[in-house]
Structures are given as C-alpha cells and as structure tokens.
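For the sequence shown, my numbering gives the first residue as 1, with consecutive numbering after it.
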Amino acid sequence: MAKIDETEYLFLTTRVRSLENNMVNHERMEMMLESGKTEDVIRILQECGYTDVSAASMESLEQSLAAERQRTFHEIAFFVPNPQVLDVFRLKDDYHNVKVMLKSIIQGIDGTDLLTESGRVSLAVIQRGIQQNELSGLPSKLQAAITEAREVLSATKDPQMADTLLDRHYYGEMFDVASKAESSFLTGYVRISIDTANLRSVIRTQRMGKGVEFLRSRLFSGGNIDVNRIVETAASGASLEDFYGTSLLREAAAAGSQATQGGTLTLFEKLCDDAVSRYLATARYVPFGEQPVISYLAAKETEYTAVRIIMTGLMAGLSRDIIRERLREIYV
1 MAKIDETEYL FLTTRVRSLE NNMVNHERME MMLESGKTED VIRILQECGY TDVSAASMES
61 LEQSLAAERQ RTFHEIAFFV PNPQVLDVFR LKDDYHNVKV MLKSIIQGID GTDLLTESGR
121 VSLAVIQRGI QQNELSGLPS KLQAAITEAR EVLSATKDPQ MADTLLDRHY YGEMFDVASK
181 AESSFLTGYV RISIDTANLR SVIRTQRMGK GVEFLRSRLF SGGNIDVNRI VETAASGASL
241 EDFYGTSLLR EAAAAGSQAT QGGTLTLFEK LCDDAVSRYL ATARYVPFGE QPVISYLAAK
301 ETEYTAVRII MTGLMAGLSR DIIRERLREI YV
C-alpha cells in the first residue's frame with residue numbers, strides 16, 4: 001500500500017487540533033450531567049459550536065445533531081487533500097437514506113424526517129433513483145445494493161433481511177474506499193469497525209438462540225478476524241473472551257458473554273464502541289497526517305452519540321449514574 005504524503009495534511013491537522021478544543025469532552029459531559037437541566041446542556045453545546053440546538057422533542061434533537069454533522073463534513077471537505085478519507089464516514093448516510101426510502105415504500109409510510117443530507121450522494125439523486133427506479137445516476141456499488149435490497153424486500157417483505165444485505169454492501173464499500181485512500185490507519189479503523197459489528201452479531205445471535213447458518217448470514221468480511229474462525233468458535237461453544245483475548249474487543253466479548261446469559265446489553269454495546277475509540281486514540285501521538293483527521297471525524301461520531309444519550313436520558317428522567325454508565329469513551 002502506498003503511503004499518503006502526510007505533509008499535505010499540515011494545515012488540516014492544525015485546524016483539527018483547534019476544533020478538538022471545542023468538542024464535548026469528559027469535563028463538558030460531566031458538567032451536563034451535574035446540571036441535569038436540558039437548558040444547561042443546550043448552552044454548553046452552543047459554546048461548543050452547535051447551532052440551533054433544540055430539545056423540544058427527539059425529532060428536533062436529531063435535526064440539531066444532523067446539522068452539526070453536516071457542518072463538520074463540510075468544513076473537513078473544504079481542506080482534506082484526499083476526499084476518500086471523508087467518504088468512509090459519509091458512506092453511512094448514503095446507506096441509511098436507502099434503508100429509510102425502501103422501508104417507506106414497502107411499508108407505505110413517510111420517512112422524510114429520517115433522511116439526511118450528509119452523504120456522498122445528493123439526497124435528491126437517491127430519492128429520484130429509488131422512487132423512479134432509475135439508478136443510473138448513482139455510484140455502481142450503491143446501484144447494486146439497492147437492486148438486491150429491492151429483490152429481497154419483494155420476495156420476503158422482511159426489512160431486517162434487506163437491512164443486513166445493505167449493511168454487507170456498506171461494509172464492503174467502506175473497506176474498498178479505505179483501501180483506495182491508501183491509508184493503513186483508515187483501513188485499520190474500518191477493520192476494527194467490522195470486527196465490532198461481527199461481535200455484535202455473535203452476541204445477538206446467541207441471545208436469540210439462533211444457529212450457525214443464521215450467524216454466518218449476519219457476518220461481514222474485511223475485519224481483522226476471519227469470518228470462518230468466528231463461526232467455528234461460536235459453533236464450538238468456546239469462550240469468546242479467550243477468542244478475542246489478544247484483540248481490542250476482549251472486554252466487550254466478556255461483557256457480551258454475560259449478556260447472552262440474560263444480562264443487559266448496555267455495557268456490551270458501550271465496550272464495543274470503546275474498543276474502536278482505543279484504536280483511534282493512537283492518533284494523539286501523531287504530529288500531522290491523515291490519522292488526526294480520521295480520529296477527529298470518528299470522535300465526532302462518538303460525540304453525537306454522547307449528546308444523544310445525555311439529552312434523551314435527561315428528557316426521560318434517568319439518574320446521572322445510569323446515563324453515565326451508557327456514555328462511550330471519547331479520545332479528546
């Protein structure tokens with residue numbers, strides 16, 4: 001794999017380091033929790049650069065987070081030397097929009113409020129392609145994903161099966177884009193993300209009491225850990241903690257094993273996300289290059305999750321300790 005010219009990232013790295021100062025770090029999250037008031041949370045978010053923040057409803061909160069996410073992408077896109085670095089993160093929105101639109105058609109509902117403008121492909125182009133069944137204006141991989149998902153929905157009327165198929169295309173394209181970006185750090189991020197998705201599939205499959213073939217259909221290639229080895233381990237009943245013992249997912253696997261015995265998934269889900277954060281944290285020691293940019297983009301995703309957990313928790317009247325247990329690690 002060729003190496004990215006890190007000097008091209010000198011300015012953007014400096015910019016990102018500055019932006020990190022305004023992120024919702026541990027101290028700010030604690031301030032939000034200690035206050036316990038949504039108006040104080042909104043004030044802190046505004047100080048961090050969020051605009052038009054609202055907690056009037058879940059819908060308004062999601063719109064605020066979507067607007068911040070789009071603003072972040074726009075700023076990075078203006079300076080990033082290699083757009084494929086950003087595309088790895090924007091891909092998720094393309095596939096999210098496809099899922100929402102296909103479900104809206106099959107279920108006869110209006111999912112407009114769930115759509116986002118933060119993807120690589122214009123929302124209008126995706127809407128037109130799906131509604132008019134004219135996909136020529138879309139990237140080839142997205143065309144293939146939509147075509148296959150339509151066929152699955154037509155044959156089964158099962159949105160979950162269609163979602164799994166779209167996720168397979170998403171992770172596959174995510175890996176392809178990262179590979180073309182020629183960044184080993186970005187590829188490593190994608191690999192640990194796939195490993196995490198696969199571990200989640202293992203735990204959910206075991207909790208549902210499903211068999212090996214069901215699990216295999218829910219696993220994705222491209223991670224650090226071979227899919228066949230995962231299936232063999234799950235089928236044998238071997239310890240997941242031992243299987244993942246040398247990886248960043250050891251703690252998550254241990255918590256997942258407990259969850260299969262009837263425990264909560266809350267800690268397991270948190271530790272899965274924390275494993276990805278620990279991988280990204282190595283960028284702290286990189287003076288400049290694509291690594292700090294990639295870590296910043298991923299940390300912003302964790303930030304949105306944290307804000308959502310805090311705000312929804314406060315709106316639901318949950319205690320600070322319960323909310324705190326659900327918060328993910330953030331590297332800033």
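Backbone N, C-alpha and C define an ideal beta-carbon position, used for all residues, glycine too. Note that this is a predicted model, so its numbers are computed, not measured.
### Message
With H, G and I counted as helix, E and B as strand and the rest as coil, what does DSSP make of Glu-134?
### Response
In the structure shown, the three-state DSSP call for Glu-134 is coil.
### Task
Since I believe Val-177 is in contact with Leu-280 (beta carbons under 8 angstroms), could you give me their beta-carbon distance rounded to a whole number of angstroms?
Rounded to whole angstroms, the Cβ separation of Leu-280 and Val-177 is 18 angstroms, and the two are not in contact under 8 angstroms.
### Separation of Arg-328 from Gly-313, as counted between CA atoms
Rounded to whole angstroms, Gly-313 to Arg-328 spans 14 angstroms at the Cα level.
### Task
Name the two residues that bound the continuous alpha helix (DSSP H) containing Gly-172.
The continuous alpha helix (DSSP H) containing Gly-172 extends over residues 159 to 180.
#### Entry: Beta-carbon contacts of Ser-104 that lie in its chain and below 6 angstroms, excluding the five residues immediately before and after
For Ser-104, where only same-chain residues beyond five positions count, the Cβ hits under 6 angstroms are Gly-111.
### Query
Assuming Val-190 and Met-174 make a contact with CB atoms under 8 angstroms, what is their CB distance in whole Å?
Confirmed, about 5 angstroms.
### Cβ distance (whole Å) where Ala-162 is taken to contact Ala-149 below 8 angstroms
With a contact defined as Cβ atoms closer than 8 angstroms, Ala-162 and Ala-149 qualify at about 5 angstroms.
### Query
So, are the CB atoms of Tyr-171 and Ile-194 less than 9 angstroms apart?
Less than 9 angstroms separates the beta-carbon of Tyr-171 from that of Ile-194.
### Task
Check whether the Cβ atoms of Tyr-244 and Glu-68 lie closer than 9 angstroms to each other.
Not closer than 9 angstroms, so no.
### Task
Find the nearest neighbour of Val-212 within the set Asn-198, Glu-232 and Phe-220, judged by alpha-carbon distance.
Considering only alpha carbons, the answer is Glu-232.
#### Entry: Exposed unless 16 or more other CB atoms sit within 10 angstroms - verdict on Asn-21
So Asn-21 counts as exposed.
### Message
Could you compute how far the alpha carbon of Ser-140 sits from the alpha carbon of Ser-217?
### Response
Whole-angstrom Cα-Cα distance: 23 angstroms.
### Task
With DSSP as the reference, label Pro-81 as helix, strand or coil.
In the three-state scheme derived from DSSP, where H, G and I count as helix and E and B as strand, Pro-81 is classed as coil.
### Query
Cα-Cα, which of Ala-155, Asp-273 and Thr-116 is closest to Leu-248?
Nearest Cα to Leu-248 within the set Ala-155, Asp-273 and Thr-116: Asp-273.
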